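Before any comments, here is the structure.
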Amino acid sequence: MNTQTILENFTENIIQIMSPYGTGTGFICDGLIITNSHVVSGLNEVVISSKEIKRKTSKVIYDDPFLDLAFIKLENYKPQTILKLSTTMVEDGDTTIAVGHPYGLNYSATEGIVSKASRLQNNIEYIQTDSAINPGNSGGPLLNNNGEVVGVNTFIIQDANNLGFALPYFYVKEMIESFKKLGREDIIRCTSCKNLINEEDIKNDYCPKCGTKLEVAKLRRKGYKPSGATKLLENILEKLDIDVNLARRSQVSWLINNKTSRVEINYYENGIIIGDSKLCGIPQDNIEKVYDYILDENDKLSYLQFSINENSIFLSYLIVDTSLTLDEGTTALKRLFEYSDKYDDILINKFGAIKQQKEED
Amino acid sequence: MNWFNFFDNNTQELKHSFGRGINANISKDEENLFNLSYESFENGDIINGYDYFLKSLENFSNEIPNGNIITSKEEDKLIFTIYQGLAKITGYVTKEHLYAQSVVCKKESSPVALKRYILERNYQLTYANYCSDNSHLKLKLYLDNITINPHKIFFPLRELALNADYDKEFAKSEFKDISLDDIEHLTTLDSKELEIKYNYLHTLVEKVYKKIKTFPSNDNAGMQAFSYLYLLFKIDYLLVPKYNIYQKMSKKINVYFNSENGSIEFKNEELREYLNSLTDMNFNEFSQNFYNSKYTFSQTEKTSQEDINIFITESLKKIRWYKNNRYTQIIPMIYKYIVFYIVYNYGLHPVTKALFHTLIEIQNPDFFELLEYKTLYNEETNVFAKKTIISKIENIIEPYQDKFKLLEPFGDELNFSSLNEFSNSFYQQIMNLNFEEI
């Protein structure tokens, strides 16, 4: 199979995984979503999405920091084409294809070869590949020519060219079997004794078998807790009936799809919070009329303002974190969500502004 | 002030504007008024909170208010006007909110490019935004008073004022036919002053061009760069052009320092061409680029003493390099370049600003003589008005000694043997200024 066919056949198995700490990739295999432990960042819930799965939160049911492996619960979905783990070890020079969402570029596939079939690192064997792996690829599958998973893309050597490392399929197979044998969820693998521990049995974050402090257990217990302006902002979103877990792109950014509009909220280091809705593009005719219209509207609007950036019209709400209040913020963001749709329609229908092409979420 | 300097004390107030700052003294009660504003807001007294805050922005000449801020109370409202160069900001405060605006020009006469420009500016602005009413394009600001305090007023108002001023300047220089509104507060320079400035520009450029001809024929790009930039910074500070000259000049300087394209030789040529275009201007065209106005906010962010010291140290190292390599002809110019660079680029403490102005007066007596100021240095005889200089420095520093206990007048430490030695010792003393509050 060539790369294109592989991608066409198996894209539905490729999952984007988002947490407040970043994004990564996962893939469906054996009824589970397989990814790296560092992608789920010690959380017991992450947001997943794929071509066939709308953004939703899903439980992390197995976390193995030793192998940097994690399993996420897959519910109510079965891909038509099943992605299988390979059964034979790769050899030096074999073709490999890395699939993932590097830098948020969805469903990118990069081809390469096995540079070294077995590279030992901290007593774990890795497949070294020159398939370009970038941040966001983590947890994605490394496939062979037959479209079988030969490994899980796990890490790269930074500032080097194409030195990527994947956890071989046999570790994954072994851990899936061990995990399924337990017949339970919420399993943490101890980094010291390597036993699979039922989270319920962990007291004060210590491994009940060997007494090692389990960092992952601590992180899962604490969960993600926003504070300060971030918390207030999320409270405002909740007040507006927005599922914050799904909207959250990172600790400081949120994306809200509302009818036809898409509002991006970013909280910058200088303390400024900006809610931006990128409306339509500037039309070829009636351009000055559009300028006149949005300048006039700016005079009437409170909290919001129109601007132009790179040929697109933006409706925005800007506020300094220390000035944000629950009531004011709620009013402003509510208006931003409602008016974005309203103005987008007016600008397109009345002035012939160009509708934005929105990339799939 | 001590008695020794009493009769030599030159207390002449500046009658002209220099540089881009507010060109006046900030209120002596600034800090107190700012604190009173804080207290009022904390006590829920919104109107007085704003009143104190706006009063803290007032500036003075000869202890008389410049009228850069005008306030009045009407029932439960505070009405205010703020002046910032070309911009007149009018607004009001109620218990609930502040509204302020600055009119740019008439809507119907504004070109499409200006509308596009201000809409793109909206994407960059944080607090204020451009809009239009039935008749005008304007920059407006709305602030809710729920969590208000003086800091939350200062930054939005400053953004409104600085950008309205800058964008009106830009509009006027970019769209020649545009007629700006709300500029009745501007005053024109008298023709004598304009003539002095016009002639001085020509003399200055000619003098520096002559100097450049004395540089070694090869490997002189660095020296030429110092010369052209020195000219531009000096023109900016002494002549204070506005509109087209200011816009183009600041753009040239910006490109010189920030563009990675082009060699120094190429950049020098660009500056030379621009300077030629300045001297090619006839008097009438030149005169269109000047006005006097009141200013409330400084354009530049306050620079730390440490950053100023770093710049001086690096510049003095360059002087040493030229000295060691026997390119002595450039050295007097670099000594002057240092201070002009600083006043152009850095936001300065009033003390440092006044001290640097004194240094500029000393280094450029020809210009100040033309404006009928008493000169502090005679270039021909190499004689300094030593006592006046010492006294001036003392008068600048003394009012701040209560606040900064380690701040000491340094006139006696200066070297009056030559202008170069004097400049060098002056910079050394500037680096010793201690603004620590004990």
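Residue numbers (the working numbering), protein chains in the order written: chain U, 1035 to 1395; chain P, 88 to 525. Yeah, the Cβ is synthetic: ideal placement off N, Cα and C, and Gly gets one too. Keep in mind the model is a prediction, meaning the values are calculated, not measured.
Item: Pick out whichever of P:Phe242, P:Tyr424 and P:Asn519 has its Cα sitting closest to the Cα of P:Leu230.; Value: P:Phe242
Item: Are the CB atoms of P:Glu500 and P:Ile484 nearer to each other than 9 Å?; Value: no
Item: Taking only the alpha-carbon atoms, compute the straight-line gap between P:Ile525 and P:Asn135 and give it to the nearest angstrom.; Value: 31 Å
Item: Going along the chain, which residues of its own chain have a beta-carbon closer than 6 Å to the beta-carbon of P:Asn96, five neighbours each way excluded?; Value: Because the pLDDT of P:Asn96 is 42, which lies under 50, any placement of that residue in the model is unreliable, and the question is left without a value.
Item: Tell me whether P:Phe241 sits in a helix, a strand or coil according to DSSP, three-state version.; Value: helix
Item: Just list the residues that DSSP pairs U:Asn1343 with in beta bridges.; Value: U:Ser1346
Item: Does chain P have any CB closer than 9 Å to the CB of U:Phe1348?; Value: yes
Item: To the nearest angstrom, how far is it from the Cα of U:Cys1046 to the Cα of U:Leu1101?; Value: According to the sequence displayed, residue 1046 of chain U carries Glu and not Cys. Between U:Glu1046 and U:Leu1101, the C-alpha separation is close to 25 Å.
Item: What are the boundary residues of the alpha helix (DSSP H) that U:Lys1256 is part of?; Value: Glu1249 to Lys1256
Item: Helix, strand or coil for P:Val57? Go by DSSP, reduced to three states.; Value: The question about residue 57 of chain P has no answer, for chain P in this structure spans 88 to 525.
Item: For P:Asn242, would you say it is in contact with chain U, using Cβ-to-Cβ distances shorter than 9 Å as the test?; Value: In the sequence as displayed, the identity of residue 242 of chain P is Phe instead of Asn. Output row for P:Phe242: interface = yes.
Item: What are the start and end residues of the alpha helix (DSSP H) that includes U:Phe1044?; Value: Thr1037 to Phe1044
Item: Under the DSSP definition of a beta bridge, which residues are partnered with U:Thr1144?; Value: U:Ala1132
Item: Measuring only the C-alpha atoms, how far is P:Asn89 from P:Ser114?; Value: Note that P:Asn89 scores a pLDDT of 38, beneath 50, so its modelled location is shaky; the value from the coordinates is reported in the next line. Their backbone Cα atoms lie some 25 Å apart in a straight line.
Item: I'd like the list of long-range same chain contacts for U:Tyr1111, defined as Cβ closer than 7 Å, with 5 residues on each side in sequence excluded.; Value: Glu1086 and Ile1087
Item: Listed in chain order, which residues of the stretch 1312-1330 of chain U have Cβ atoms closer than 8 Å to some Cβ of chain B?; Value: Any reference to chain B falls outside this structure, whose protein chains are U and P.
Item: So, with DSSP's three-state summary, where would you put P:Met88?; Value: For P:Met88, the predicted model reports a pLDDT of 36, less than 50, meaning its position is unreliable; a value from the coordinates is still stated below. If DSSP states are grouped into helix, strand and coil, P:Met88 belongs with coil.
Item: Could you tell me whether the Cβ of P:Glu207 comes closer than 9 Å to any Cβ of chain U?; Value: yes
Item: Could you tell me the boundaries of the beta strand (DSSP E) in which U:Glu1079 lies?; Value: Glu1079 to Ser1083
Item: Going along chain P in order, which residues have a C-beta closer than 8 Å to the C-beta of U:Ile1342?; Value: Arg203, Leu206, Glu207, Asn209 and Tyr210
Item: Note down, in chain order, each residue of its chain lying with its Cβ closer than 8 Å to the Cβ of U:Lys1150, except the 5 sequence neighbours on either side.; Value: Asp1126, Ile1161 and Gln1162
Item: What residues are listed by DSSP as bridge partners for U:Lys1312?; Value: U:Phe1348
Item: For the stretch 1181-1212 of chain U, list every residue whose C-beta sits within 8 Å of some C-beta in chain P, in sequence order.; Value: none
Item: Give a yes or no on whether the minimum CB-CB distance between P:Ser104 and chain U is below 9 Å.; Value: no
Item: Contact check, P:Phe513 vs P:Lys473 under 8 Å by CB: the rounded distance?; Value: Between P:Lys473 and P:Phe513 the Cβ distance is about 13 Å, and since that is not below 8 Å, they are no contact.
Item: Taking the alpha-carbon positions, what's the P:Phe91 to P:Gln516 distance?; Value: Low local confidence applies: a pLDDT of 37 at P:Phe91 is under 50, so the model's placement there is unreliable, with the coordinate-based value given in what follows. Going from the Cα of P:Phe91 to the Cα of P:Gln516 covers about 22 Å.
Item: Could you check what DSSP says for P:Thr468 in three-state terms: helix, strand or coil?; Value: coil
Item: Between P:Glu467 and the ligand SAH, is there a pair consisting of the residue's CB and a ligand heavy atom that are separated by less than 8 Å?; Value: For the ligand SAH, the structure offers nothing, since it holds no ligand at all.
Item: Using the beta-carbon of each residue, which ones in chain U are nearer than 8 Å to P:Leu228?; Value: In chain order: nothing, as chain U lies at least about 11 Å away.
Item: Put P:Ala174 into one of helix, strand or coil per three-state DSSP.; Value: strand
Item: Would you kindly check if the distance between the Cβ of U:Glu1145 and the Cβ of U:Arg1153 is under 9 Å?; Value: no
Item: Tell me the rounded alpha-carbon separation between U:Gly1170 and P:Pro419.; Value: 57 Å
Item: How far does the alpha helix (DSSP H) with P:Pro437 in it extend, from its first residue to its last?; Value: Pro437 to Gln450
Item: Can you list, in chain order, the stretches of the alpha helix (DSSP H) that have 4 or more residues and sit fully within the stretch 123-163 of chain P?; Value: 133-143
Item: Applying the 10 Å Cβ sphere with the 16-neighbour rule, what's the burial state of P:Val199?; Value: exposed
Item: Using only CA atoms, which one of U:Val1148, U:Ser1083, U:Ser1165 and U:Glu1182 lies nearest to U:Thr1039?; Value: U:Glu1182
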